[in-house]
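See below for the structure under consideration.
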Amino acid sequence: MHELSLAMSILDMAEEEAGRRSAEVDAIHVKLGALSGVAKDALLSAYDLARTETTLETAQLVIEEVPVLIYCQRCEAPRPVPSIQELSCSECQTPSSQILQGRELQVVALELRA
Amino acid sequence: MNSTPRIVEVRKNILKKNDEIAYALRCRFEDAGVFVVNLVSSPGSGKTALLESTLTRMRTDFRVAALVGDLATENDAKRLQRSQVAVRQIITGTVCHLDAAMVENSLQDWNLADLDFLFIENVGNLVCPASYDLGEDLRVVLMSVTEGEDKPLKYPTIVNSADVAVVTKTDLAEAVEFDWPAASRNLQAVRPGIEILRVSAKTGDGMDVWLRFLASQREPHAAASHSTAQA
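Written out as structure tokens, the structure reads:
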């Protein structure tokens, strides 16, 4: 369970950014890749716990889940995969270790209020 | 006063702090010419046994040391000290993984230039250690034959983050009717192209292949560091 420390990092980042702009945070937008090793629900619960009695107590956490995209050598194109248990092209089934997206664990944006 | 919310782009990795420390560690390891191996697996899959055997066999040819992560005990470090190489314990308390800062702290007074290999035994856990870069050169995922062939499918993220897979306790494979083709298929499905080694730390079977593999992985690094030293 490392979601709590991740939630605290998210809050730290948002606090720093909002402080620099002397603004209040309405929402924090996060991208979560399917191969990030983090579960959305666990992160949401951890976030609820972590924001209590901080300046970000009312800030919402908005999580966008990012599916895995591989580069298929055979199709010569980015392709989705059937599941994270099977990293192969969903069109032609060729396996690929070239992961184009799906590892994201990123704060992408903040909704701020002056 | 403007109360309309505005969107501000941030685009920062949540693990930015860890990634920065890991980057600094990686530079330090490279400068010192030490090859760093991060061992990850579930509890009880034989990390300590493999490491003890590895350290004991390697110390005649290489300068080796180990850092051992554990939630609460120093038992693993005590076991590893039998190999007579430098071993240091990192007790993580309730933290389920090692992070780059823990590694950095525990290496503070070590002269890394005195080492050829540094092994880091992560906390036994197939989930959390996947996300934490420790600045290692090689991430090894262990899977024992007693855990079942479908382990990679249950924990695809950590297997996907690994550079090589080592199937351990192969001396028990027959007893548990371990299905090698299925295990290999499952590992390849979640990490296409991954190299799979088989070892038994108990009988020594496969140890020579594992040790040769490690030496071959280090070679390009050793050469690079040597040429930098000369330049």
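Sequences listed follow chains A and B, in order.
Residue 57 in numbering that gives the first Met the number 0 sits at position 58 of the first sequence, with consecutive numbering throughout.
Residue 221 in numbering that gives the first Met the number 0 sits at position 222 of the second sequence, with consecutive numbering throughout.
Backbone N, C-alpha and C define an ideal beta-carbon position, used for all residues, glycine too.
(request) Find the residues of chain A that neighbour residue 150(B), judging by a C-beta separation of less than 8 Å, and give them in chain order. (result) Within chain A, no residue comes near residue 150(B); the closest Cβ sits about 12 Å away, beyond 8 Å.
(request) Could I get the ranges of all uninterrupted alpha helix (DSSP H) runs contained in the segment 37-92 of chain A, with 4 residues as the minimum, in chain order? (result) 39-50
(message) Could you check whether the Cβ of residue 65(A) sits closer than 9 Å to any Cβ belonging to chain B?
(response) no
(request) Can you tell me which of 99(A), 20(A) and 17(A) puts its alpha carbon nearest to the alpha carbon of residue 70(A)? (result) 99(A)
(request) Determine the DSSP secondary structure at residue 202(B), reduced to helix, strand or coil. (result) In the three-state DSSP reduction, residue 202(B) falls in the coil class, being neither helix nor strand.
(message) Rounded to the nearest angstrom, what separates residue 145(B) and residue 188(B) at their Cα positions?
(response) 20 Å
(message) Closest to residue 123(B) by C-alpha separation, out of 135(B), 93(B), 147(B) and 108(B), would be which residue?
(response) 93(B)
(message) Checking 9 Å against the spacing of the C-beta atoms, do residue 117(B) and residue 28(B) come in under that value?
(response) yes
(request) Could you tell me the distance, in whole angstroms, from the CA atom of residue 3(A) to the CA atom of residue 59(B)? (result) Straight across, the Cα-Cα distance linking residue 3(A) with residue 59(B) is about 44 Å.
(message) For the structure I just gave you, are there three or more beta carbon pairs, one from the segment 53-66 of chain A and one from the segment 19-39 of chain A, closer than 8 Å?
(response) yes
(request) Note down, in chain order, all residues in the segment 185-219 of chain B with a beta-carbon under 9 Å from any beta-carbon belonging to chain A. (result) 185, 187, 188, 189, 190, 191, 192 and 193
(message) Checking the sheet assignment: what are the DSSP bridge partners for residue 8(B)?
(response) DSSP output for residue 8(B) lists 108(A) as bridge partner(s).
(request) Compute the Euclidean distance between the alpha carbons of residue 101(A) and residue 68(A), then round it to the nearest angstrom. (result) 6 Å
(request) Whole angstroms is fine: what's the gap from residue 106(A)'s alpha carbon to residue 91(B)'s? (result) 27 Å
(request) Answer with buried or exposed for residue 71(B), where buried requires no fewer than 16 other C-beta atoms within 10 angstroms of its C-beta. (result) Residue 71(B) comes out exposed.
(request) Could you tell me if residue 132(B) is buried or exposed, where buried requires 16 or more neighbouring beta carbons within 10 angstroms of its beta carbon? (result) buried
(message) DSSP has residue 143(B) in a bridge; who is on the other side?
(response) DSSP lists 167(B) as partners of residue 143(B).
(request) Decide if residue 5(B) is buried, meaning its Cβ has at least 16 other Cβ atoms within 10 Å, or exposed. (result) exposed
(request) Please determine, among 97(A), 23(A), 37(A) and 112(A), the residue with the shortest C-alpha to C-alpha distance to residue 54(A). (result) 23(A)
(message) Is residue 33(B) close to the ligand COA? I mean its beta-carbon at under 8 Å from any heavy atom of the ligand.
(response) With respect to small molecules bound, the structure shown includes none, and the ligand COA cannot be examined in it.
(message) Among the candidates 193(B), 168(B), 87(B) and 170(B), whose CA atom is the shortest distance from the CA of residue 157(B)?
(response) 193(B)
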